[in-house]
Amino acid sequence: MPISISSTEAKACAFFAKPYFAVVGASTNQAKFGYKIFAWYIYRNLPATPINPSSSHISVDGTAYATLASITALPHPRDTALSVITPPSVTLKILEEAKKIGISSVWLQPGTWDDAVVEFATAKDNFTDVVAGLGGRGHDGWCVLVDGERALKANGKL
Numbered sequence: 000m001p002i003s004i005s006s007t008e009a010k011a012c013a014f015f016a017k018p019y020f021a022v023v024g025a026s027t028n029q030a031k032f033g034y035k036i037f038a039w040y041i042y043r044n045l046p047a048t049p050i051n052p053s054s055s056h057i058s059v060d061g062t063a064y065a066t067l068a069s070i071t072a073l074p075h076p077r078d079t080a081l082s083v084i085t086p087p088s089v090t091l092k093i094l095e096e097a098k099k100i101g102i103s104s105v106w107l108q109p110g111t112w113d114d115a116v117v118e119f120a121t122a123k124d125n126f127t128d129v130v131a132g133l134g135g136r137g138h139d140g141w142c143v144l145v146d147g148e149r150a151l152k153a154n155g156k157l
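Note that numbering that gives the first Met the number 0 gives residue 154 to position 155 of the sequence shown, counting from 1, and the numbers run on in steps of one.
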């Protein structure tokens with residue numbers, strides 16, 4: 000299911016209007032996108048929580064950030080925008096959980112979605128703001144590392 004670029008740009012801006020952020024698939028491995036995307040939030044002084052069930056913390060430039068094992072442990076899920084860096088089969092389960100706890104904004108990084116994931120994410124009444132699919136300024140689809148800066152500036156957060 001294609002997503003309109005202009006519509007997705009507006010949703011990316013709305014995503015960054017949230018006061019809190021969580022990164023599902025945050026990684027301790029600096030070579031992985033789960034680390035790079037979590038670090039991107041930290042470098043911009045955004046309140047981001049790493050979600051990783053197998054690691055107690057993620058360190059960025061010597062500072063350790065405590066992880067949560069699941070998004071269900073987020074203290075403010077309705078006020079949290081969720082970046083997802085997991086395979087599509089895991090992403091679908093994360094989205095089902097996110098819907099149950101009231102998360103309304105999700106950014107599905109390239110490689111995290113397939114048709115079933117996008118269909119669920121964009122289904123009526125599931126999420127208000129979904130950033131996913133082809134488009135953006137990168138060649139693999141909408142990515143925080145490539146498209147996030149512009150959306151942050153549009154929200155006056157940079």
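Heads up, the beta-carbon is just placed ideally off N, CA and C, and yes, glycines get one too.
It should be emphasised that the depicted structure is a prediction, and the values quoted were computed from it without experimental measurement.
- Residue environment: Lys10 is assigned as buried (16 or more neighbouring CB atoms within 10 Å of its CB, all protein chains considered).
- Around the beta-carbon of Lys17, 16 or more other beta-carbon atoms lie within 10 Å, marking it buried.
- In the three-state reduction of the DSSP assignment, Thr79 falls in the strand class.
- Leaving aside the five residues that flank Leu107 on each side, the residues in its chain whose CB is nearer than 6 Å to its CB run, in chain order, Val83 and Ala131.
- In the three-state DSSP reduction, Ala38 falls in the helix class (H, G or I).
- Note that the C-beta distance between Ala115 and Phe15 is not below 8 Å.
- Taking C-beta atoms as the reference points, Ala25 and Gly33 count as a pair closer than 8 Å.
- Looking at the backbone, the Cα of Leu157 and that of Trp39 are separated by about 13 Å.
- Contact annotation: Ile57 and Thr79 have beta-carbon atoms that are not nearer than 8 Å.
- Counting along the chain, the unbroken alpha helix (DSSP H) around Ile100 starts and ends at Pro87 to Ile100.
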